[in-house]
Amino acid sequence: MSVNHIYGGFGSWYKGNLHTHTEYHELGDVIKAYREYFYDFLAISNHRRCTDLEGIEEEGITLLPAIEFKGKKNPHMLGVNVTENYDKLGDEMEGDGNYQQLIDEVTAAGGFSVLAHPHYRMEDYWPLDMMKRLQGYIGIEIYNENLIKPHKPKAAHRPIATDVWDTLLSSGRKIWGFACDDFHKWGHLGRGFIVALAEDNSAASLIAAIKKGSFYASTGNLIDEISVYEDRIRISMINESCIKFIGKDGKELKRTCGFTGEYGFVGNESYVRICAINEVGRFAWTQPVFI
37 MSVNHIYGGF GSWYKGNLHT HTEYHELGDV IKAYREYFYD FLAISNHRRC
87 TDLEGIEEEG ITLLPAIEFK GKKNPHMLGV NVTENYDKLG DEMEGDGNYQ
137 QLIDEVTAAG GFSVLAHPHY RMEDYWPLDM MKRLQGYIGI EIYNENLIKP
187 HKPKAAHRPI ATDVWDTLLS SGRKIWGFAC DDFHKWGHLG RGFIVALAED
237 NSAASLIAAI KKGSFYASTG NLIDEISVYE DRIRISMINE SCIKFIGKDG
287 KELKRTCGFT GEYGFVGNES YVRICAINEV GRFAWTQPVF I
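Start counting the sequence shown at 37; every next residue gets the next number (the working numbering).
Now the structure itself:
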């Protein structure tokens, strides 16, 4: 049995958000607010343009350039660690449009692509067949806070997309799951983020860690430690949680409650990921361990 995982490195945990809009507020105010919420890194991903971050600094927080590719009728996509100020995604699309071109360009520039909010407006906002055809993106948003819209009760938004993630993983794709607050207004801040295990808080270390999946996604539940061995996976939580071990096709393999949980690999799981929910309903999701 071969176990491939990404949590064996050394470093520290760094909290950050990769989906942040500043079109509606002053850039400096937004950055300062995230630092006050103890964020270590932040990507500014405005619609259709890269924001010039040169010369902008806030002590203790690393800024990453990004863009949200956007079309009126086309699914949105994040490009992170890119600086070219353009959006080639049109408002109309035939077939897969030019997404593959954009993904390839982002990758060539040293960045990475993430498919945004799969359940925005409709269940198949990102068509599954299209997600399977596209190559080179490193993950999808499995949680997006901006899709919680109580003022639009009839809208088909769904913030959690782990069902899509499990479908893609079960088809053989090795992709990561991201959480974000998709900041547009102050009420979004802090309600979805990732925590990266990186050597340090430099942009280079963070980008390298995220690309290889050395992070977990969260809506507020925090992980103390993740340990992966040849025959098992173990997790320790900061707060008491319901800990679920999930495998192929989203099947729940084991459930336990407490501060720690452990699962022994059988060998036919394809992958194992963990979802931990604390007593106030906050989630944490690990990246999959591939069996």
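From the three backbone atoms N, C-alpha and C, an ideal C-beta is built for every residue, glycine too.
Range of the contiguous beta strand (DSSP E) that encloses residue i
i           : result
residue 252 : 251 to 254
residue 85  : From DSSP, residue 85 is part of no beta strand (DSSP E); its letter is neither H nor E.
residue 138 : No beta strand (DSSP E) holds residue 138; the alpha helix (DSSP H) holding it covers 135 to 144.
residue 78  : 77 to 80
residue 213 : 212 to 216
residue 197 : No beta strand (DSSP E) contains residue 197, which DSSP labels as neither H nor E.
residue 319 : 319 to 321
DSSP bridge partner residues for residue i (one or two, in chain order)
i           : result
residue 266 : Beta-bridge pairing links residue 266 to no other residue.
residue 296 : 272
residue 113 : 105, 151
residue 230 : 52, 253
residue 290 : 281
residue 175 : 150, 212
residue 100 : 79
residue 180 : 216
For residue i, three-class secondary structure by DSSP
i           : result
residue 243 : helix
residue 161 : coil
residue 223 : helix
residue 95  : coil
residue 68  : helix
residue 257 : coil
residue 238 : coil
residue 304 : coil
residue 284 : helix
residue 170 : coil
residue 119 : coil
residue 58  : coil
residue 190 : Bear in mind that the predicted position of residue 190 carries a pLDDT of just 48, short of 50, making it unreliable; the figure below should be weighed with that in mind. Here residue 190 sits in coil by DSSP.
residue 45  : coil
Host alpha helix (DSSP H) of residue i (start-end)
i           : result
residue 309 : Segment 307 to 314 is the beta strand (DSSP E) holding residue 309; no alpha helix (DSSP H) there.
residue 106 : Note, residue 106: premise wrong, no alpha helix (DSSP H); not H, not E.
residue 207 : Counting along the chain, residue 207 falls outside any alpha helix (DSSP H), and DSSP gives it neither H nor E.
Within-8 Å CB hit, residue i to chain B
i           : result
residue 117 : The structure shown contains no chain B, having only a single protein chain.
- request: Say whether the region 237 to 253 touches the region 318 to 325, bearing in mind that this needs 3 or more beta-carbon pairs closer than 8 Å, one atom from each stretch.
  value: yes
- prompt: Does the region 46 to 65 touch the region 201 to 217, meaning 3 or more C-beta pairs lie closer than 8 Å?
  reply: yes
- request: Could you say if the region 220 to 235 and the region 254 to 266 meet the contact criterion of at least three C-beta pairs nearer than 8 Å?
  value: yes
query: Is the region 111 to 120 close to the region 79 to 95, with three or more CB pairs under 8 Å?
result: yes
query: Touch check for the region 189 to 208 and the region 160 to 180: three-plus C-beta pairs under 8 Å?
result: yes
message: Would the region 269 to 282 count as touching the region 304 to 321 if we require 3 or more Cβ pairs under 8 Å?
response: yes
query: Using 8 Å as the threshold, is the region 282 to 298 in touch with the region 172 to 186, meaning 3 or more CB pairs across them?
result: no
query: Are there three or more Cβ pairs, one per stretch, closer than 8 Å when the region 67 to 74 is compared with the region 233 to 241?
result: no
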